[in-house]
Each structure stands twice: as structure tokens, then as C-alpha cells.
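Numbering (my numbering), first residue to last: 253 to 358.
For each residue, glycine too, the CB sits at the ideal point set by N, CA and C.
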């Protein structure tokens with residue numbers, strides 16, 4: 253499966269664009285977010301067209317346990333989006349959460 257986007261989220265509590273669907277594309281993707289720190293971090297992701305507004309959030313303030321724990325990963329599968337929409341990710345701490353989206357564009 254091709255990777256759409258990947259990042260280490262560099263800014264705390266800021267929506268960061270990860271991938272934007274091209275014109276005429278209807279992607280289906282999976283999203284993984286992993287906490288690489290020694291403390292609990294909260295994460296979220298959204299799909300929007302011009303930043304994140306009400307109704308765009310799919311996950312928000314979800315806690316991820318510290319690195320090495322079984323619940324330090326958020327994985328969501330089979331997410332669909334439309335042409336021109338973007339995936340946005342966020343974390344409560346900077347430089348400790350990696351995010352990767354991968355899937356197919358139809």
C-alpha cells in the first residue's frame with residue numbers, strides 16, 4: 253500500500269496537514285499514530301478542506317500510553333475521503349508522535 257504522508261508532529265496542539273487528495277481522487281486510507289515518549293500524550297485527526305472546523309474531527313484528545321506499552325498506538329482503518337480534502341493530525345506534545353497515512357486513491 254502506498255504511503256500518502258508521514259510526519260513527526262513538530263508542534264503541540266496544532267492541526268498539521270498530512271495529505272491532500274488530488275482532483276478526481278477518492279482515497280481510502282489507514283492511519284497510524286504512535287507515541288514515542290515516556291509519558292502519556294493525547295492525539296487527534298480530522299478530515300477537512302480548509303483547516304479543521306466543527307464537524308471535521310474524527311478523533312480528538314485520545315490518550316496514547318508511553319512508548320513500550322501495548323496501547324501507545326492509534327490505528328484507524330478503511331477511512332474514506334473526497335477529492336480536495338486533507339488529513340490533519342495533532343498531538344498534545346511536540347516531537348513525540350509519529351503519524352503515517354497509507355492506502356489507495358480511486
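Residues bridged to residue i [DSSP beta-bridge criterion]
i	result
residue 270	Note: residue 270 sits in no beta bridge, so no partner.
residue 330	In DSSP, residue 330 forms no bridge with anything.
residue 338	272 and 300
residue 305	Looking at the DSSP assignment, residue 305 forms no beta bridge with any residue, so it has no partner.
residue 343	295
Reference residue i, options the options, closest by Cα
i	options	result
residue 270	358, 341, 345 and 348	341
residue 264	314, 294, 258 and 256	294
residue 288	355, 257 and 351	351
residue 302	273, 256 and 285	273
Where residue i falls, given that 16 or more other Cβ within 10 Å makes a residue buried
i	result
residue 283	buried
residue 323	exposed
residue 344	buried
residue 353	buried
residue 333	buried
First and last residue of the uninterrupted beta strand (DSSP E) at residue i
i	result
residue 259	255–260
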